[in-house]
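Here's the structure we're looking at; comments come further down.
Residue numbers (my numbering): 110 to 357.
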């Protein structure tokens with residue numbers, strides 16, 4: 110019998126309860142009444158806020174209303190918007206061909222930031238290639254841990270590896286969201302996890318660095334941060350839904 114390589118993460122102190130708490134928060138948010146008739150509006154707003162947050166985490170901070178108005182031409186911001194818009198269409202392919210999807214995400218994220226020759230091409234490093242293969246195997250069914258745990262690992266590993274030149278963090282955050290969408294945990298992509306990372310950016314950066322150490326404490330720190338970010342993202346559904354209902 111093959112041992113699940115991610116199963117030990119659930120045994121780390123406080124991780125399993127944090128995963129369950131985040132799942133319950135998402136389940137509750139998914140029942141918001143605005144999603145019955147105005148789910149498309151909620152999804153569009155989540156996409157915008159996620160893109161703005163992801164670009165900000167790359168050091169490109171922009172006013173959300175200016176982005177909404179279309180006056181921001183920063184290529185990283187534009188790339189984050191393209192990536193956010195593409196996620197629903199990539200969710201079916203993600204578990205079947207994750208390396209292909211990662212390349213596509215990089216093309217979308219890094220256009221006009223890196224050279225044409227670099228788009229969609231991982232850095233030429235055998236260690237990075239081997240770890241990307243391992244990550245792809247997990248995404249393609251190599252683990253049975255809850256989607257939240259797999260998403261956290263995908264995110265943390267891609268942040269650590271930085272396998273693509275340019276705004277590699279945008280790709281990492283998008284890949285983690287694809288895990289949640291493709292597994293059916295968040296099928297409409299409504300959980301604005303990236304907003305949670307942005308709101309807790311110092312913790313995000315510190316926990317990502319801790320994850321890179323590979324120690325139990327480091328992994329626990331990252332997983333705990335990720336679950337908190339998911340809860341913030343779930344709360345965004347409620348906030349956005351309330352705003353839409355109030356305006357209708």
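Glycine residues also receive a C-beta, built at the ideal position from the N, C-alpha and C atoms.
Remark: three or more beta-carbon pairs, one from each stretch, lie closer than 8 Å, so the region 200-215 and the region 282-292 are flagged as touching.
Measuring C-alpha to C-alpha distances from residue 272 to each of 188, 328 and 227 identifies 227 as the nearest. A distance below 8 Å between beta-carbons, with the five flanking residues on each side excluded, links residue 121 to the following residues of its chain, in chain order: 325, 328, 329 and 332. Annotation: the region 187-224 contains the following complete segments of the alpha helix (DSSP H) (minimum length 4 residues), in chain order: 207-219. One alpha carbon belongs to residue 251, the other to residue 133, and they sit about 25 Å apart. Rounded to whole angstroms, the separation of the alpha carbons of residue 304 and residue 295 is 16 Å. The Cβ atoms of residue 298 and residue 163 do not sit closer than 9 Å to each other.
Take the alpha-carbon of residue 115 and the one of residue 265: they are about 13 Å apart.
Look at the region 233-266 and you find these whole runs of alpha helix (DSSP H), each 4 residues long or longer: 235-246.
Take the alpha-carbon of residue 267 and the one of residue 239: they are about 13 Å apart.
One Cα belongs to residue 353, the other to residue 151, and the distance between them is close to 8 Å.
Taking one beta carbon from each stretch, the region 253-263 and the region 165-172 have fewer than 3 pairs nearer than 8 Å; the two do not touch. For the pair residue 336 and residue 128, the CB atoms are nearer than the 9 Å cut-off.
The straight-line gap separating the alpha-carbon atoms of residue 231 and residue 274 is approximately 8 Å. Around the Cβ of residue 178, a 10 Å sphere holds fewer than 16 other Cβ atoms; the residue is exposed. Shown here, residue 231 sits in coil according to DSSP, grouped into three states, outside any helix or strand. Residue state for residue 308 is assigned as helix, using DSSP reduced to three classes. For residue 220 and residue 191, the gap between their C-alpha atoms comes out near 10 Å.
From the listed residues 234, 300 and 218, the smallest Cα separation to residue 148 is found for 300. Taken atom to atom, the span from the alpha-carbon of residue 139 to that of residue 313 is near 25 Å. For residue 283, the enclosing alpha helix (DSSP H) starts and ends at 277-291.
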